[in-house]
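Here the structure is laid out as structure tokens; the discussion comes afterwards.
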Amino acid sequence: MYLKKGISSLFISPLLQNNTGLYRCFTTRYDTKDMEGFAGKYVFVTGGAKGIGRAIVCMFAKAGAKVAFCDYDKEAGDQLSSELSNTVLFYKVDVTDENRLLEVMDLLFQRWGTLDIIINNVGISQFSPLTETTLEQFDRILATNLRPVFITSQALAVQRNTPEGKKRYGRIVNIASTRYLMSEPGSEGYAASKGGIVSLTHALAISFSEYAITVNSISPGWIQHTAYEMLSDADHKQHPSGRVGTPDDIARTCLFLCAPENDFINGQNVVVDGGMTKKMIYLD
């Protein structure tokens, strides 16, 4: 599909949306044959059934990696696994349940021997007025968005805590948000969780310094998961890059950070937002 007048030169995959409204896998713009280094790599993605996570699962699978992912949405997870001809492993997981998350990681360690790449993508948001937000709601967001980053990273550190394990290639990429540095009313829980991810990322990078494992985060801006063709010219043109982002923008950044040769990028937060956080937005 091509977009409306004003940005018609921008190619957008014809598979952005299927008949269920879910973002679909595609690699038509960027050929995965050029993505070297992922054959034989073992990847685990949290929150991989929809949106950004779905694109990450698709792109790593297309690039030759062995991929497992978890999600709370069993129907969407099963559908993605089916679309990829059951070449990926799906596990239903509520990531607030530490025991279940660790159980799945143990299953993968037993099946594959280790994990090379962990993408901590799972996240929820719940915006509500500050005067009405309950502590339970605040805690639930942190338990879903922030705590699993520590749980999965610690589990990998323990599993790799041998002389040989510490020498093996590894990558951890944590999906944060540009809301770690800018906010709107009622977003306290989400902002705190994403800011925590950015801080936890650089702390983990230092703790993993005796391992051959780098830890980085990505802060997406506006990433449209569905109905991309319904966005207005104004939606796109407000971005210095001239368009709203897609899940593949984040998936490609994950692949870049996980490339074996990119081991000098460590402890960093990469903002992928079409330039929006660098734009003056004062009203005239």
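Okay, so the sequence shown: first residue is 15 according to our numbering, each after it adds one.
Cβ coordinates follow ideal geometry from the N, Cα and C atoms, glycine included.
Source: prediction; values computed, not measured.
Fully enclosed beta strand (DSSP E) runs of no fewer than 3 residues occupy 80-85, 103-106 of the segment 79-123, in order along the chain. If you draw a 10 Å sphere on the C-beta of Met119, you find 16 or more other C-beta atoms in it, and that means buried. Here Ser167 is buried. Its C-beta has 16 or more other C-beta atoms within 10 Å. Judged by their CB atoms, Val57 and Asp111 are not nearer to each other than the 8 Å cut-off.
Every unbroken stretch of the alpha helix (DSSP H) spanning 4 or more residues and falling wholly within the segment 170-226 is given here in chain order: 177-181, 202-221. Cα atoms of Met244 and Ser231: separation of roughly 30 Å, rounded to the nearest angstrom. Per DSSP, the beta-bridge partners of Gly259 are Ile237. If you compare the alpha carbons of His253, Glu178, Val163 with that of His216, the shortest gap goes to Val163. Going by beta carbons, Gly281 and Ala226 fall outside the 8 Å limit. Nearest Cα to Ala190 within the set Glu202, Asn159, Gly203: Asn159. Each residue's CA atom was taken as its position, placing Phe74 and Asp298 some 45 Å apart. Bounds of any beta strand (DSSP E) do not take in Asn135, whose DSSP letter is neither H nor E.
By the Cβ test, the segment 262-269 is in contact with the segment 283-293, since at least three Cβ pairs between them sit closer than 8 Å.
Judged by DSSP secondary structure, Asn159 falls within the alpha helix (DSSP H) whose first and last residues are 149-159. The segment 198-207 and the segment 251-261 do not touch, with fewer than three beta-carbon pairs separated by less than 8 Å. In this structure, Gly62 places its C-beta atom within 8 Å of the C-beta atom of Ile70.
Boundaries of the beta strand (DSSP E) harbouring Phe58: 56-60, taken from the DSSP string.
In the structure shown, Ser142 adopts coil according to DSSP, grouped into three states.
Under the DSSP assignment, Lys76 falls in the alpha helix (DSSP H) whose first and last residues are 65-76. A Cβ-Cβ distance of about 5 Å is found for the pair Met290 and Gly235, placing them in contact under the 8 Å criterion. No Cβ-Cβ contact shorter than 8 Å links Ile132 with Ile155.
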